[in-house]
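Remarks on the structure that follows.
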Amino acid sequence: MTKKERYEFIIDYFKKNKPFAETELEYGNPYQLLVAVILSAQCTDKRVNVITIDLFSQYPDTESLARAEIADIYELIKSCSYPNNKAKHLSGMAKMLLSVFNGIVPDDIDELQKLPGVGRKTANVIASVVFNKPAMAVDTHVFRVSARIGLSTNSKTPLGTEKQLVKYIPEELIPLAHHWLILHGRYICLARKPKCHDCGIRDYCKYYLKSRVSSTFKK
Numbered sequence: 012m013t014k015k016e017r018y019e020f021i022i023d024y025f026k027k028n029k030p031f032a033e034t035e036l037e038y039g040n041p042y043q044l045l046v047a048v049i050l051s052a053q054c055t056d057k058r059v060n061v062i063t064i065d066l067f068s069q070y071p072d073t074e075s076l077a078r079a080e081i082a083d084i085y086e087l088i089k090s091c092s093y094p095n096n097k098a099k100h101l102s103g104m105a106k107m108l109l110s111v112f113n114g115i116v117p118d119d120i121d122e123l124q125k126l127p128g129v130g131r132k133t134a135n136v137i138a139s140v141v142f143n144k145p146a147m148a149v150d151t152h153v154f155r156v157s158a159r160i161g162l163s164t165n166s167k168t169p170l171g172t173e174k175q176l177v178k179y180i181p182e183e184l185i186p187l188a189h190h191w192l193i194l195h196g197r198y199i200c201l202a203r204k205p206k207c208h209d210c211g212i213r214d215y216c217k218y219y220l221k222s223r224v225s226s227t228f229k230k
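Just so we're on the same page, the working numbering is the position in the sequence shown counted from 1, plus 11.
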């Protein structure tokens with residue numbers, strides 16, 4: 012099976028079985044999604060959604076967050092991972108949004124990465140989810156699933172995986188495919204014990220085919 016054939020089958024499967032897929036982060040506007048994605052680094056979306064209820068109640072917009080004391084932000088987000096750094100990043104991000112971008116979340120990936128706490132993955136999420144741009148954010152789920160299935164080969168970095176994915180996935184499907192891979196990794200292709208018996212793409216998955224061959228030889 013060629014890589015192109017594997018991509019075609021997997022894309023076709025998700026198009027038929029998961030035609031609608033979106034972020035599980037709860038937000039009402041670009042500013043809120045940016046905050047939520049910054050908080051989501053090494054933290055579950057479920058936890059972030061709990062945190063942002065009070066955070067957005069206290070700081071509903073860029074202006075209010077920019078005026079906030081870092082210590083006050085910390086108190087509202089301390090149940091997430093790395094709250095000290097994230098509190099500083101959120102404060103710095105809000106201030107820069109106002110001073111450099113007139114309070115408007117930019118749609119350009121390079122511009123987004125100028126904001127404190129915003130790396131390439133976060134920038135790609137914003138560009139993809141908010142602006143529907145063909146940007147592929149590679150988090151731990153996307154990185155793992157892509158390698159396991161065989162969509163990415165010999166990739167050692169998220170950027171390497173990103174380049175392979177955008178090469179083979181049709182441009183108009185990239186924003187949707189980002190969610191396909193994340194959700195598949197979150198609920199089916201688990202890190203420690205993938206649920207291969209529940210996986211609709213297992214017959215085109217390198218990991219599953221290899222494990223099946225291995226178990227056959229053991230018999």
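Ideal placement from N, C-alpha and C gives every residue a C-beta, glycine not left out. In this text, all values refer to a predicted model and were calculated from it rather than measured experimentally.
Straight-line spacing of the CA atoms in L201 and T151 works out to 11 Å. Between the region 113 to 120 and the region 81 to 97, the count of Cβ pairs shorter than 8 Å is below three; the stretches do not touch. In terms of CA proximity to I22, V177 leads the group V177, D209, Y198, I81.
One thing to note: P186 has its Cβ within 7 Å of the Cβ of S139.
With a 10 Å radius around the Cβ and a threshold of 16 neighbouring Cβ atoms, A82 comes out exposed. Listed in chain order, the non-local C-beta contacts of A47 below 6 Å within the same chain comprise L36, Y38, V59, T63, local neighbours out to five positions each way being set aside. Y18 places its beta carbon less than 7 Å from that of Y179. Closest in C-alpha terms to K14, from the list A158, L192, R197, P205, comes A158.
In the displayed model, V141 falls within coil according to three-state DSSP, outside both helix and strand.
Less than 7 Å divides the Cβ of A105 from the Cβ of L76.
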